[in-house]
Each structure stands twice: as C-alpha cells, then as structure tokens.
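Engineer: For the sequence shown, position 188 (counting from the first letter as 1) is numbered 188 according to UniProt numbering, and the numbering increases by one without interruption.
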Amino acid sequence: MTNPLDALEADLASFRAAWGEAGPAFGPGAGPGADTAPTAMSDAGLLRVLQSAARLRRASEVALSLVAAEVAARSDAGFGAEGLAKRHGHRNAATLVAATTGDAVAGAAKLLRVGAATRPRQTLTGQLRPARHPAVADALEQGALSVDAADAICTMLERIAPRTSLRRAEAYEAELVRFASAAPHGLVLRAVRHAEARLDPDGVEPRDEAMHQQRTLSIVEEASGMVRITARLDPVTAAPVKAAIEAIVSETLHRRRDRQPTPVAVPASEVDAADVQLAGASPTVDDDSPVLDGAVPDGPVLEDRRTIPQLQADALSELARHVFGCEAAATRAKATVVVRLDLDALLSGVGEATIDGLDRPISAAAARRLAVDAEFVPAVLGGEALPLDLGRSRRLFSRAQRLALGERDGGCASCGRNIAYVEAHHIDWWHRHRGPSDLDNGVLLCSHCHHQVHREGWRIRADRREVWFVPPPHLDPEQRPRLGGRARFKLRTDRQLAASREMTDGSPAPGALRLPAA
1 MTNPLDALEA
11 DLASFRAAWG
21 EAGPAFGPGA
31 GPGADTAPTA
41 MSDAGLLRVL
51 QSAARLRRAS
61 EVALSLVAAE
71 VAARSDAGFG
81 AEGLAKRHGH
91 RNAATLVAAT
101 TGDAVAGAAK
111 LLRVGAATRP
121 RQTLTGQLRP
131 ARHPAVADAL
141 EQGALSVDAA
151 DAICTMLERI
161 APRTSLRRAE
171 AYEAELVRFA
181 SAAPHGLVLR
191 AVRHAEARLD
201 PDGVEPRDEA
211 MHQQRTLSIV
221 EEASGMVRIT
231 ARLDPVTAAP
241 VKAAIEAIVS
251 ETLHRRRDRQ
261 PTPVAVPASE
271 VDAADVQLAG
281 ASPTVDDDSP
291 VLDGAVPDGP
301 VLEDRRTIPQ
311 LQADALSELA
321 RHVFGCEAAA
331 TRAKATVVVR
341 LDLDALLSGV
351 GEATIDGLDR
361 PISAAAARRL
371 AVDAEFVPAV
381 LGGEALPLDL
391 GRSRRLFSRA
401 QRLALGERDG
411 GCASCGRNIA
421 YVEAHHIDWW
431 HRHRGPSDLD
441 NGVLLCSHCH
451 HQVHREGWRI
461 RADRREVWFV
471 PPPHLDPEQR
481 PRLGGRARFK
491 LRTDRQLAAS
501 REMTDGSPAP
511 GALRLPAA
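Here you go:
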C-alpha cells in the first residue's frame, strides 16, 4: 500500500493547477496563476476545478478512513478506560471521529468500517497481511472508488461471507469495483443488492417472505377531514400498484407535454407510455370522436398544474373508480408488469429475478409463481425469440419489441434510470428518416437523455444485443463510442465472470461486447 500522502499531494497539485488555469482567456483576472474566484472562471475551467476538487476529496476521505480505523483499533473495548477515545472523553471511536470531523456519528462509523475493511491487517507476530477486501482497497487507493461505494460493497460482502465461497465473493468484489468505478451511486446500490441475491440465492426467498409478512396499509380520517392512506408493501405486492399508477401519471404527463386535448376514443395502445416516438408524432383522436365542428384541438383550455404527488393521488382514485364500474371502458393507460429471470432460474426455481420498475430482486420461486398470473408477463433469458422486426408496417413499437428493448437496455440506455421512466424511441426517425420499427432502430431513453441526445448531437448505434452512444466532436474529438444499456449498467453473470477469469491469452470471453459496424 502506498503512502496516502502521495495521492493527496498529487491531487492537491492538480487542484492548484486547475484553479490557477480556470480564468477566462481575456479580460480582468485572465491568465495562468491569476487569483481567480469561481465567479470569474470559464465554464471549462470551472468543470476542471470541480473534477480536481472531487479527486482531492476522495483522496482525503481515503486517508481519513485509514486514520479513523487506527483510532478505532486504539479505542478497542479491550483497552477499557485506557482506550484512546475514552481517554479523550468519548464513548467510542465513532463519537471521537464525529466530534473531530463535525460529521454525524453515522458518517464517522462509515469511515471506521471502510478503513477497517481496506487497511492491511497485522498478525500477532507483527506481520502484515492484505486487507480483507483488497480489490476495494486498491480502487480506493487509485481514486477510482468513493468511500460511500466502498462501504456499500464491503458491508454486503461482510454480511454474506458465512453463506458463500471465498472465490465467488472475491469475483463479485472485483466485479462490483469495476462497475462502481463508472456508475452513479444509485446504480451501485442496486448492483450491490443484485450481487447479494446471486451470492446468497437461498436467502432471497426468506427475505421475500419476511417482507410479505410486513406488508401494511392503513386508512385514517384526520380531524381536518383529509384521509391519510399509508402503505408499506413488499415488491411483489407493490409491483402492479406501482405500474398502474405510473402508467396513468405517465400518460397524463405525455398529454401535458404534447398539449393534447383529453382523448375521447384513443386506442389504449396509442397512448402507452413506451409508444411515444422520437419523431415527435403524437397519438391522434379517432375520426369518429365527438369533436365539435370547426374546433381547433390545440391543447386544453385550462392548464394542468397538478404536481406529481397530486397526479399519483388522482391516479389511485381513478383506479378505484374503474373497479366500481369495471363494465365500462378500460382506464386511460394500460400497464404491464414484467418479470425478468434467467431460463435456468425459471426451470429450477433457484436464483434471482427482477420486476420492471423495482430495483430490489425477488426470488426465482416467486417469479415462477408470478409467471402463471395473467397480469404478469415473464421475460425469460434464453427463451424462444419473439417477432421483433415490423419494418414500415407499423409506426409504434409492439409490446414484444418493448419487452425485448427492456431486456437489452435495462432501463434508460444512456443513464440507467429505472425502466418505469423510459420510452421507446426510433433512432432513425419514422417520418424524417423513414426509419423502420425494428429492434436495431429502437432505444429506451428517459426524457432527460432523450432531449440531451438531440440537443448535443449524439449518434446511437444498436443491434439486438448492444447499444452504443457516439458523442459529438465538441465533447470528444475522437468520437469514441460509449457502451450503454444493460451491458453497461448490469453486473455480469456468473458464467461471464468465470469466462473472464479463465481467459489468459487476451482473447475476449464468450459473449464479450463488440462495437457493431457502422
């Protein structure tokens, strides 16, 4: 292990240089070494300073975690009143570190955990042994991993250690480090949950059952007259509720965005959340709709100002009203609950599965039970192929295509956002480019990434297995393609991990990702 001071000094020098060169090219305060305030920095300079400050912060947190771990070692309960923390008037090491840093005790405890898990261990004879989690320790030392990500990975590995083999734990430690070095923290936490489900497949079903037993819903009329509905649901129970409410809210937001009048006789498939296309074409009212002659359908008369929580409350009420009058037409938006699992897991009932829209995995046994429910759609890896190319025969992507896009992209193919918040888009536009409704011309994007692709001029290349994003020249002069979709935002499988460990001659592992031809 190198001296943490080396990394701190290097990052501090980089930070000083970035700050000194962040001023504008011309005008007051211009030129390298100027005493530049952030308000006077150029955009590019400000971003370089931000990146340098982030690296410096990571290096300082790593050093702090190692120091905190040593404070904990010298404050061990075995020392009694002679422990370092107690001698300085603190209950334990966490309160001492918290008082020194000004952080909450929970933050100090995190530093202690990470430091203890990633610092070299010392035997009774004074010999040094590697850290308990060497891959995490190396990534922290190189500045490739945040302390928050390291804590999530190490805490899970410590919890799972008695129920998995050392070899599998080490493989997933390395895989999580690889994943976390290029993913936002929310996706790292999701990946950690999935890794735990794979490392302890027998533990997923008991957790499912424990959560199911903890489900609650209460309805209370308050003194003000408002009715408070509070629910706490397990993933399987919550999935159809969440999907139905989100489908109605999503359809409402699409109409608000496109300034469409409230549809009267629009087929449900025309307003499905995943059917709004990149070309910007909006669903149209049927010719037989009772629209007044001469009226111009240029949007609602009154602007819809409801907040998202208000829209969700109204969606819940709409669902309840629909149940009371279910002989009437269906609700405005159709919802599909998709359960995804490996074919081996479906056949054996052992392993993990996921429900679209929810991050926490469920057991394969629960997925098998859901697969026989008409309200749930099982998407099985390794199952029979679906007809996925429609050419120019249909503008909107079919249900089978959206399921396949979900399997390939996993959510937003650009940022990894939950699949509940994405839409299927044509890469080559339907009207402008005469693009077909085929799988290799479709991509799932959230609204933010959709607009960013157009605003910045990104190009997208895809086939049935992979999706790649090519940045514009002003962001990357070399325009190096960046992998997106499930291949980027999901952990590799056990089979892929085993193959990557066995490949020693530099050849790609089976199923390795390659850039499709332009």
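Ideal Cβ positions, reconstructed from N, Cα and C, are used throughout, including at glycine.
1) Could you check how far apart the C-beta atoms of VAL467 and GLY484 are, in whole angstroms? I think they sit under 8 Å.
2) Judging by CA-CA distance, which residue of ARG55, GLU170, PRO24, ALA150 is the nearest neighbour of ALA10?
3) Under DSSP, the beta strand (DSSP E) around ARG228 begins and ends at which residues?
4) Indicate whether LEU66 and PRO4 have their beta-carbon atoms separated by less than 8 Å.
5) Since ALA59 and VAL114 should fall inside the 8 Å C-beta cutoff, what is the C-beta to C-beta distance between them, to a whole number of angstroms?
6) What are the residues that DSSP puts in a beta bridge with CYS446?
7) On the three-state DSSP scale, how would you describe GLY80?
8) What are the partner residues of PHE469, as DSSP defines its beta bridges?
9) Pop quiz: ARG91 and GLY83 are said to be a contact at Cβ under 8 Å. What is the actual Cβ separation, rounded to whole angstroms?
10) Buried or exposed: where does ARG16 fall if 16 or more other Cβ atoms within 10 Å of its Cβ makes it buried?
11) Give the range of the alpha helix (DSSP H) segment to which GLU318 is assigned.
12) Quick test of the definition: if touching needs 3 or more C-beta pairs under 8 Å, does the region 436–446 touch the region 404–420?
13) Tell me which same chain residues have a C-beta within less than 6 Å of the C-beta of ALA7, skipping the five on either side of it?
14) If you reduce the DSSP assignment to three classes, tell me which class SER289 lands in.
15) Determine the contact status of ARG163 and ASP200, defining contact as a CB-CB distance below 8 Å.
16) So ALA180 is in the alpha helix (DSSP H); what residue range does that whole segment cover?
17) Which residues mark the beginning and the end of the beta strand (DSSP E) in which LEU341 is found?
18) Whether or not the region 154–169 and the region 138–146 are in contact is what I'm after, with contact meaning three or more pairs of Cβ atoms, one per stretch, closer than 8 Å; do they touch?
19) Could you tell me whether the region 357–365 touches the region 203–217, using the rule of 3 or more Cβ pairs below 8 Å?
20) What would DSSP say about THR354, mapped onto helix, strand or coil?
21) Would PHE324 be called buried (16 or more neighbouring beta carbons within 10 Å of its own) or exposed?
22) Put LEU475 into one of helix, strand or coil per three-state DSSP.
23) Smallest Cα separation from SER14: which of SER52, GLN127, ALA345?
24) Comparing C-alpha positions only, which one of SER224, ALA44, THR237 sits nearest to ARG215?
25) Helix or strand or just coil, what does DSSP make of GLU246?
26) Could you give the C-beta distance for GLY357 and ALA243, rounded to a whole number, given that I count them as a contact under 8 Å?
27) Rounded to the nearest angstrom, how far is the Cβ of LEU319 from that of THR252, given a contact under 8 Å?
28) Kindly indicate which residue of THR493, LEU112, SER500 has the alpha-carbon position closest to the one of VAL147.
29) Per DSSP, which one or two residues make a beta bridge with THR216?
30) Are the CB atoms of ARG408 and ALA424 nearer to each other than 8 Å?
31) May I ask you to report which of helix, strand or coil DSSP gives ILE362?
32) Cα separation between GLY20 and VAL188?
33) When the Cα of LEU347 is compared with those of ARG455, ARG369, VAL337, VAL338, which residue comes out closest?
34) Quick one: does the C-beta of PHE79 sit closer than 7 Å to a heavy atom of the ligand SAH?
35) Ordered along the chain, which non-local residues of its own chain (more than five positions away) have a Cβ less than 8 Å from that of GLN122?
36) To the nearest angstrom, report how far apart GLU384 and LYS490 are at their CA atoms.
Structural biologist: On the basis of the data shown:
1) Position 467 of the sequence shown, counted from the start, is the residue given in the question as residue 467. Position 484 of the sequence shown, counted from the start, is the residue given in the question as residue 484. Contact holds; Cβ gap of about 5 Å.
2) In the sequence shown, the residue the question calls residue 10 occupies position 10. Nearest C-alpha to ALA10: ARG55.
3) For the purposes of this step, residue 228 is taken as residue 228 along the sequence shown, with counting starting at 1. Taken as a continuous stretch (DSSP letters only), the beta strand (DSSP E) holding ARG228 covers 227–232.
4) As a working mapping, residue 66 is identified with position 66 in the sequence shown. As a working mapping, residue 4 is identified with position 4 in the sequence shown. Cβ distance < 8 Å, so LEU66 and PRO4 count as in contact.
5) Position 59 of the sequence shown, counting from 1, holds the residue named residue 59. Position 114 of the sequence shown, counting from 1, holds the residue named residue 114. Between VAL114 and ALA59 the Cβ distance is about 14 Å, and since that is not below 8 Å, they are no contact.
6) Taking the first residue of the sequence shown as 1, we reach residue 446 at position 446. Bridge partners of CYS446: VAL422.
7) As a working mapping, residue 80 is identified with position 80 in the sequence shown. Three-state DSSP puts GLY80 in a helix.
8) Here residue 469 refers to the residue found at position 469 when the sequence shown is read from its first residue. For PHE469, which the question treats as bridged, DSSP gives the partners ILE460, ARG482.
9) For the purposes of this step, residue 91 is taken as the residue at position 91 of the sequence shown. For the purposes of this step, residue 83 is taken as the residue at position 83 of the sequence shown. Not a contact, Cβ separation roughly 10 Å.
10) The sequence position of residue 16 within the sequence shown is 16, counting from 1. With fewer than 16 other Cβ atoms within 10 Å, it is exposed.
11) Position 318 of the sequence shown, counting from 1, holds the residue named residue 318. From DSSP, the alpha helix (DSSP H) with GLU318 extends over 308–324.
12) yes
13) In the sequence shown, the residue the question calls residue 7 occupies position 7. Here the set comprises ALA59.
14) Your numbering for residue 289 matches position 289 in the sequence shown. With a pLDDT of 40 at SER289, under the threshold of 50, the predicted position of this residue should be treated as unreliable, though the coordinate-derived value follows. In the structure shown, SER289 sits in coil (DSSP, three-state: anything other than H, G, I, E or B).
15) As a first step, residue 163 is located in the sequence shown; it is residue number 163 there, counting from the start. As a first step, residue 200 is located in the sequence shown; it is residue number 200 there, counting from the start. It is a contact, given that the beta carbons lie within the stated cut-off.
16) Reading the sequence shown from its first residue, position 180 is the one you call residue 180. Looking at the DSSP string, the run of the alpha helix (DSSP H) that includes ALA180 is 166–180.
17) Along the sequence shown, read from residue 1 onward, the residue named residue 341 stands at position 341. Element bounds for LEU341: 337–342.
18) no
19) yes
20) In the sequence shown, residue 354 corresponds to position 354, counting from 1. In this structure, THR354 counts as strand in the three-state DSSP scheme.
21) Here residue 324 refers to the residue found at position 324 when the sequence shown is read from its first residue. Result: exposed.
22) For the purposes of this step, residue 475 is taken as the residue at position 475 of the sequence shown. Residue state, collapsed to three classes: coil.
23) By one-based count along the sequence shown, residue 14 stands at place 14. Ranking the options by Cα distance to SER14, first place goes to SER52.
24) Locating residue 215 in the sequence shown gives position 215, where the first residue counts as 1. With distances taken between Cα atoms, ARG215 lies closest to THR237.
25) Residue numbering aside, residue 246 sits at position 246 when the sequence shown is read from its first letter. Helix at GLU246.
26) As a working mapping, residue 357 is identified with position 357 in the sequence shown. As a working mapping, residue 243 is identified with position 243 in the sequence shown. About 6 Å; that satisfies the 8 Å criterion.
27) Your numbering for residue 319 matches position 319 in the sequence shown. Your numbering for residue 252 matches position 252 in the sequence shown. Between THR252 and LEU319 the Cβ distance is about 13 Å, and since that is not below 8 Å, they are no contact.
28) On the sequence shown, residue 147 is found 147 positions in, with the first residue counted as 1. Out of THR493, LEU112, SER500, LEU112 has the C-alpha closest to the C-alpha of VAL147.
29) Position 216 of the sequence shown, counted from the start, is the residue given in the question as residue 216. Paired residue(s): ARG232.
30) Here the question's residue 408 lines up with position 408 in the sequence shown. Here the question's residue 424 lines up with position 424 in the sequence shown. The answer is no: Cβ separation not under 8 Å.
31) Here residue 362 refers to the residue found at position 362 of the sequence shown. In the structure shown, ILE362 sits in a strand (DSSP, three-state: E or B).
32) On the sequence shown, residue 20 is found 20 positions in, with the first residue counted as 1. On the sequence shown, residue 188 is found 188 positions in, with the first residue counted as 1. Distance between the alpha carbons of GLY20 and VAL188 is about 34 Å.
33) The count along the sequence shown starts at 1 and reaches residue 347 at position 347. Checked all of ARG455, ARG369, VAL337, VAL338; the closest Cα to LEU347 is ARG369.
34) With respect to small molecules bound, the structure shown includes none, and the ligand SAH cannot be examined in it.
35) Here residue 122 corresponds to residue number 122 of the sequence shown, with the count starting at 1. Closer than 8 Å at Cβ, skipping near neighbours: LEU128, ARG129.
36) The residue labelled residue 384 in the question sits at position 384 within the sequence shown. The residue labelled residue 490 in the question sits at position 490 within the sequence shown. Reliability fails at GLU384, whose pLDDT of 46 lies under 50, so the model's placement of it is uncertain and the value that follows must be treated cautiously. Rounded to the nearest angstrom, the two C-alpha atoms are 22 Å apart.
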